[in-house]
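Peer 1:
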Amino acid sequence: MKKIMLSAVPLATFCLAVALSSCNPKADKATETIAQTDSLKYNTTIDGKKVSLYTLKNAKGATVTITNYGGRIVSLLVPNKDDKLTDVVLGYDSIGAYRKKGEPFFGALIGRYGNRIGKGKFTLNGEQYTLQLNDGPNTLHGGTDGFYSKVWDAKQVDGQKLELTYTAKDGEAGYPGKLDVKVQYTLTDDNALQIDYTATTDKATVVNLTNHAYFNLNGEGNKSILDHELTIAADSITPVDSTLIPTGKLLAVTGTAFDFTKAKTIGKSIEESNEQLKFGKGYDHNFALNKHDAKTPVATVKSTSTGIKMEVYTTEPGLQFYSGNFLTGADQDGKGGKSYPHRSAICLETQHFPDAPNHPNFASTELKPGETYKTSTTYKFSK
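The sequence shown begins at 53 in my numbering and counts up by one.
#1: I need the straight-line Cα distance from Thr427 to Ser391, nearest angstrom please.
#2: Going along the chain, which residues of its own chain have a beta-carbon closer than 7 Å to the beta-carbon of Phe312, five neighbours each way excluded?
#3: If you draw a straight line from the alpha carbon of Ala315 to that of Gly170, how long is it in whole angstroms?
#4: Run through DSSP, which three-state label would Phe331 get?
#5: Where DSSP assigns a beta bridge to Asn274, which residues make up the other side?
#6: So, using beta-carbon positions, are Asn377 and Asp241 closer together than 7 Å?
#7: Helix, strand or coil for Ser74 per DSSP?
#8: For Ala149, does the three-state DSSP call read helix, strand or coil?
#9: If you run the structure through DSSP and keep just helix, strand and coil, what is Phe174?
#10: Pull up the DSSP beta-bridge partners for Thr250, would you.
#11: Considering Thr131, what are the terminal residues of the beta strand (DSSP E) in which it resides?
#12: Kindly indicate which residue of Lys343, Pro291, Ala351 has the alpha-carbon position closest to the one of His337.
#13: Are Ala309 and Ser321 touching if we call contact CB-CB under 7 Å?
#14: Using only the heavy atoms of the ligand FAD, determine whether one of them is closer than 6 Å to the beta carbon of Tyr392.
#15: Please name the residue or residues paired with Lys432 in a DSSP beta bridge.
#16: With distance defined between alpha-carbon atoms, name the residue in Thr348, Lys101, Ile277 nearest to His394.
#17: DSSP three-state label for Ser416, please.
#18: For Lys387, which of helix, strand or coil comes out of DSSP?
#19: Counting only the same chain and skipping the five closest in sequence on each side, list residues whose C-beta sits under 6 Å from that of Tyr425.
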């Protein structure tokens with residue numbers, strides 16, 4: 053493929069492309085979503101750094117837009133069973149909404165440590181570190197100063213690849229070590245969004261990077277994901293306490309509401325009387341994956357309405373399945389003025405286990421000087 057060296061897609065050019073696509077009988081309102089997204093307040097400056105919206109498009113017309121503010125996936129258009137493009141991720145039309153208090157990390161790159169760390173503390177090499185608390189008594193997704201709120205340096209390698217880099221200072225958000233991070237988004241011609249992460253440090257630290265995309269395969273703005281059929285290739289979860297911190301044990305899923313080893317709808321068991329479901333107000337749990345070789349799907353989701361299927365591949369040992377339990381729909385500021393109510397999206401966050409620095413029996417998240425953190429996750433779409 054011919055490489056296009058761009059820093060961002062110019063608004064005029066992009067709007068022309070949208071106008072032309074309106075003549076395509078296969079185009080639908082999802083295309084309009086991109087036009088709205090691109091035209092509303094993404095070209096700005098935050099903390100003295102330029103913020104833009106970047107567009108990747110493959111040979112089949114699938115399109116993803118990403119902002120370098122938080123490395124967030126803003127829209128992801130894939131064909132449905134009728135070959136019409138459908139936007140399957142939640143997000144906002146303007147950058148300001150991503151900065152509001154309580155924003156639920158829509159589409160964001162998460163770091164330095166994805167998921168929770170109990171009581172915001174961990175000990176590494178005999179030294180205790182104290183982090184920012186932003187989830188009751190715990191630290192969630194890096195704290196109040198996480199990677200989701202940073203302006204990343206961006207380089208659009210070509211029309212299907214975007215490279216983002218960020219350097220976290222030693223002590224930032226309480227974490228040790230200067231951490232150099234690179235994340236590469238690639239939209240392949242087989243309708244897969246591949247996310248590759250690398251990081252290096254000058255001091256021993258902990259790292260657990262992921263992406264927090266919220267998916268609705270019925271189309272973003274649809275009111276529920278309870279009809280989605282889900283399979284997760286995991287025989288156990290890491291059960292949690294009432295503050296959603298792992299107990300350190302593994303719990304077999306057989307015979308429980310957490311058994312997704314065979315496909316079932318998300319809504320089938322979500323209202324069962326189960327202490328773990330009560331703690332999470334639904335599903336908000338880490339699944340210990342049976343395999344994580346990036347060659348075998350660790351999870352599969354399908355919408356019977358649109359026919360869209362999403363497969364997840366990863367090199368990570370865990371998968372956080374979150375059923376959108378804390379979405380409220382109170383703010384009608386989603387794309388096109390939509391609201392995103394309770395359980396209107398699903399997150400499948402690939403990761404090392406939550407609170408791993410405080411559980412020696414979990415796979416280590418320590419990164420040492422001279423080592424390179426490297427991990428990859430792919431979301432592949434078909435119909």
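For every residue, glycine included, the Cβ atom is placed at its ideal position computed from N, Cα and C.
Peer 2: So, from the listed chains and residues:
#1: 33 Å
#2: Leu282, Thr283, Ile284
#3: 32 Å
#4: helix
#5: Beta-bridge analysis with DSSP links Asn274 to no other residue.
#6: no
#7: Annotation note: pLDDT 37 at Ser74 (below 50); position unreliable, coordinate value reported separately. In the structure shown, Ser74 sits in coil (DSSP, three-state: anything other than H, G, I, E or B).
#8: helix
#9: strand
#10: Lys234, Lys426
#11: Here the sequence assigns Pro to residue 131, which means Thr is not the residue at that position. Residues 124 to 131.
#12: Pro291
#13: yes
#14: The ligand content of the structure shown is nil, which means the ligand FAD is not present either.
#15: Ala244, Glu363
#16: With distances taken between Cα atoms, His394 lies closest to Ile277.
#17: coil
#18: helix
#19: Ala251, Val259, Leu419
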